[in-house]
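See below for the structure under consideration.
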Amino acid sequence: MKQNVMLIVLNSSYGGAEKHVFDLVKHMDRQTIDLTVVLPTGSKLASLVEHYLDKKHIVNVERGIQAIWKLKKLVEVLKPDIVHLHSPRATFIGMVAKTISRQSSNVFVTAHGWIPDRLKLRKVYEFLYVSAIKRSDRIIAVSGQVKDMLMAYKLDESKISVIHNGIEVPPQIEVTKRQIAKKRFVFLGRMIEEKGISYLLEAIEQVDQKYPEKYHLDFYGDGPLAEMIKETLKHKQIQNVTLHGFVQPEQVIPLLNQYDAFLMPSVQEGFPYTLIEAFAAGLMVIGTDVGGIKEALIDNENGYLIPAKDVDALIYAMTKVITMSDEELLNFRNLARERSHHFTIEKMTSSLVDEYVFLRR
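The sequence shown runs 65 to 425 under this note's numbering.
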């Protein structure tokens with residue numbers, strides 16, 4: 065018998081939670097799962113899922129508190145077996161809607177990370193999020209570190225399972241030795257404070273002065289800090305950096321395959337998709353020891369694991385990449401590619417379906 069599952073995500077931007085939901089839409093077994101997706105009107109995610117779901121299974125709502133009443137009616141009409149909430153906003157609003165609907169649906173919450181430190185009312189949002197998540201029937205943490213954060217708020221450990229994000233690992237990607245004068249670095253992600261962009265810009269300024277002919281960095285993504293990045297590069301007269309815009313999900317891995325090393329100077333993470341996408345593309349990664357990064361990045365094997373907010377450590381790691389031999393770089397990249405096979409979309413979706421089935425018993 066099919067399970068009727070309602071996925072709810074209420075972020076307007078496209079980040080890890082939205083990619084996660086998109087991947088579930090693409091890869092969930094429709095023989096056993098009947099999906100309905102609730103998402104914000106006009107979001108990037110809405111334009112993606114319409115290629116995989118009938119319109120009757122896509123529901124657009126406003127992001128504000130007024131969405132509660134539409135969600136309440138939706139739950140009452142569809143009577144889903146499972147309401148699965150993604151992101152703090154969706155968790156609070158969705159939990160309120162489900163509660164006042166008085167339907168017996170089980171509620172899953174996937175914790176993709178935590179409330180951003182930059183938010184002025186973070187403590188308020190945190191309180192609302194934790195209060196809502198405690199009322200759920202099952203909690204999925206995307207990393208062991210996220211589970212630890214949940215446990216710090218005295219959540220019931222028996223309700224929490226760790227399921228790492230997974231990706232489609234393309235079999236045709238090849239890792240070959242490059243004969244190039246410049247090492248090619250890349251940053252791809254949302255241009256927000258959590259990604260540690262200010263520390264990266266500070267490091268680049270020094271690397272650019274020391275190795276002006278030996279590296280190039282490309283930025284991909286969009287977000288509120290995009291203009292600041294552009295102005296900083298211009299003001300500091302940094303030459304070896306090029307800015308690009310948003311990259312469609314299906315283009316990420318082929319694009320990354322052109323590069324040598326992926327930069328992830330984050331100060332806050334859950335379990336970043338771009339980390340395993342970089343591995344799948346055959347890139348070594350310079351990443352910070354935050355969130356679940358160290359659960360995939362093995363220092364001195366498939367990249368370098370460095371402390372967060374440490375500009376000197378970032379400069380040192382970039383310098384090691386710039387000065388390493390082609391053979392050493394190829395070894396790092398091959399090990400990165402191998403590591404990606406531990407985090408597949410098949411493992412992620414099958415583990416989640418197992419959780420759905422377990423709770424239904």
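Yeah, the Cβ is synthetic: ideal placement off N, Cα and C, and Gly gets one too.
Given this structure, state the Cα-to-Cα distance separating Ile357 from Gly158, to the nearest angstrom.
The residue given as residue 357 occupies position 293 in the sequence shown. The residue given as residue 158 occupies position 94 in the sequence shown. Approximately 29 Å between the Cα atoms of the pair.
For the ligand ZN, any of its heavy atoms closer than 7 Å to the Cβ of Ile97?
This structure simply doesn't include the ligand ZN, nor any ligand for that matter.
Please name the residue or residues paired with Tyr279 in a DSSP beta bridge.
Position 215 of the sequence shown, counted from the first residue, corresponds to residue 279. Answer by DSSP bridge pairing, in chain order: Lys247.
Could you name the residues that DSSP lists as bridge partners for Phe191?
By one-based count along the sequence shown, residue 191 stands at place 127. Partner(s): none; Phe191 has no beta bridge.
Please classify His406: does DSSP put it in a helix, a strand, or coil?
Locating residue 406 in the sequence shown gives position 342, counting from the first residue. Coil at His406, not helix or strand.
Check whether the stretch 97-105 and the stretch 68-82 are in contact - that is, three or more C-beta pairs closer than 8 Å.
Contact between the stretch 97-105 and the stretch 68-82 is present, because at least three Cβ pairs lie under 8 Å.
With 16 as the cutoff for other CB atoms within 10 Å, does Glu82 come out buried or exposed?
The sequence position of residue 82 within the sequence shown is 18, counting from 1. Label assigned to Glu82: buried.
So Ile370 and Glu341 are supposed to be a Cβ contact under 8 Å. How far apart are they, rounded?
As a first step, residue 370 is located in the sequence shown; it is residue number 306 there, counting from the start. As a first step, residue 341 is located in the sequence shown; it is residue number 277 there, counting from the start. In fact, because the Cβ distance is near 20 Å, the residues do not count as touching under 8 Å.
Have a look at Glu333 and Lys278 and give me their C-alpha separation to the nearest angstrom.
Within the sequence shown, numbered from 1, the residue matching residue 333 stands at position 269. Within the sequence shown, numbered from 1, the residue matching residue 278 stands at position 214. The alpha-carbon atoms of Glu333 and Lys278 are separated by roughly 30 Å.
List the endpoints of the continuous alpha helix (DSSP H) containing Pro318.
The residue given as residue 318 occupies position 254 in the sequence shown. Note, Pro318: alpha helix (DSSP H), Val316 to Leu320.
Which word fits Asp363, buried or exposed, when buried means at least 16 other C-beta atoms lie within 10 angstroms of its C-beta?
The residue labelled residue 363 in the question sits at position 299 within the sequence shown. The residue in question, Asp363, is exposed, as its Cβ has fewer than 16 Cβ neighbours within 10 Å.
Would you tell me roughly how many angstroms separate the C-alpha atoms of Val188 and Ser168, rounded to the nearest one?
In the sequence shown, the residue the question calls residue 188 occupies position 124. In the sequence shown, the residue the question calls residue 168 occupies position 104. Their backbone Cα atoms lie some 28 Å apart in a straight line.
Which of the three DSSP states, helix, strand or coil, is assigned to Ser77?
On the sequence shown, residue 77 is found 13 positions in, with the first residue counted as 1. Looking at Ser77 - three-state DSSP - the assignment turns out to be coil, as it is neither helix nor strand.
Report the residue ranges of all beta strand (DSSP E) runs contained in full by the stretch 68-114; include only those spanning at least 3 residues, in chain order.
Segments of the beta strand (DSSP E) lying fully in the stretch 68-114: 97-104.
Going by DSSP, what residue range makes up the beta strand (DSSP E) through Arg202?
Numbered from its first residue, the sequence shown carries residue 202 at position 138. Residues Arg202 to Ala205.
Buried or exposed: which applies to Asn124, given that a residue is buried once 16 or more other Cβ atoms fall within 10 Å of its Cβ?
Position 60 of the sequence shown, counted from the first residue, corresponds to residue 124. It is exposed - the Cβ of Asn124 has fewer than 16 other Cβ atoms within 10 Å.
From the DSSP output, in three-state form, read off Glu128 for me.
Position 64 of the sequence shown, counting from 1, holds the residue named residue 128. The amino acid at residue 128 is misidentified as Glu; the sequence shows Gly. Coil.
Kindly list the residues whose CB is nearer than 6 Å to the CB of Leu112, restricted to its own chain and excluding five residues on each side of it in sequence; keep chain order.
Residue numbering aside, residue 112 sits at position 48 when the sequence shown is read from its first letter. Same-chain partners within the cutoff: Phe86.
Whose C-alpha, out of Ser389, Met382, Leu339 and Val417, is nearest the C-alpha of His405?
For the purposes of this step, residue 405 is taken as residue 341 along the sequence shown, with counting starting at 1. Taking only the C-alpha atoms, the option nearest His405 is Leu339.
Of the choices Thr306, Arg127 and Thr155, whose alpha-carbon is the least far from that of Phe191?
Position 127 of the sequence shown holds residue 191. Considering only alpha carbons, the answer is Thr155.
Tyr337 and Asn229 look like a contact to me (Cβ under 8 Å); what is the Cβ gap, rounded to whole Å?
Taking the sequence shown and counting its residues from 1, one reaches residue 337 at position 273. Taking the sequence shown and counting its residues from 1, one reaches residue 229 at position 165. Contact holds; Cβ gap of about 5 Å.
Could you tell me which of His84, Lys198 and Lys300 sits nearest to Lys218, measuring between CA atoms?
Position 154 of the sequence shown, counted from the start, is the residue given in the question as residue 218. Taking only the C-alpha atoms, the option nearest Lys218 is Lys198.
Quick check on DSSP: helix, strand or coil for Tyr116?
Translated into positions along the sequence shown, residue 116 becomes position 52. Three-state DSSP puts Tyr116 in coil, outside helix and strand.
Does DSSP classify Leu394 as helix, strand or coil?
Reading the sequence shown from its first residue, position 330 is the one you call residue 394. Helix at Leu394.
For the stretch 134-222, which segments carrying the alpha helix (DSSP H) assignment without a break, of at least 4 residues, lie completely within its bounds, in sequence order?
Taking only runs of at least 4 residues, the alpha helix (DSSP H) segments lying wholly in the stretch 134-222 are 152-165, 186-197 and 208-216.
So, at 7 Å on beta carbons, what are the nonlocal neighbours of Ile409 in its own chain, with the 5 sequence-adjacent residues on each side left out?
For this step, residue 409 is matched to residue 345 along the sequence shown. Asp87, His91, Gly230, Ile231 and Glu232, listed in sequence order.
For the structure I just gave you, are there three or more beta carbon pairs, one from the stretch 247-261 and one from the stretch 281-294, closer than 8 Å?
Judged by Cβ distances under 8 Å, the stretch 247-261 makes contact with the stretch 281-294, as three or more pairs qualify.
Closer than 6 Å by C-beta to Phe407: which residues in its own chain qualify, once you throw out the five before and the five after it? Chain order, please.
Counting from one through the sequence shown, the residue named residue 407 turns up at place 343. Only His228, Gly230 and Ile340 meet the Cβ criterion.
Going straight from the alpha carbon of Asp376 to that of Ser151, what length do you get?
Taking the sequence shown and counting its residues from 1, one reaches residue 376 at position 312. Taking the sequence shown and counting its residues from 1, one reaches residue 151 at position 87. If you take the alpha carbons of Asp376 and Ser151, they lie about 33 Å apart.
From which residue to which residue does the beta strand (DSSP E) around Leu327 run?
The residue you call residue 327 lines up with position 263 of the sequence shown. That run of the beta strand (DSSP E) goes Ala325 to Met328.
When the Cα atoms are used, what is the spatial distance from Pro313 to Gly80?
Indexing the sequence shown from 1 puts residue 313 at position 249. Indexing the sequence shown from 1 puts residue 80 at position 16. The alpha-carbon atoms of Pro313 and Gly80 are separated by roughly 11 Å.
Tell me which residue opens and which closes the alpha helix (DSSP H) that Thr352 is part of.
Start at 1 with the first residue of the sequence shown, and residue 352 comes out as number 288. Here Thr352 belongs to no alpha helix (DSSP H); instead the beta strand (DSSP E) covers Met348 to Thr352.
Okay, do the stretch 379-393 and the stretch 199-209 touch, 3+ Cβ pairs below 8 Å being the bar?
The stretch 379-393, when compared against the stretch 199-209, does not touch it at the 8 Å Cβ threshold.
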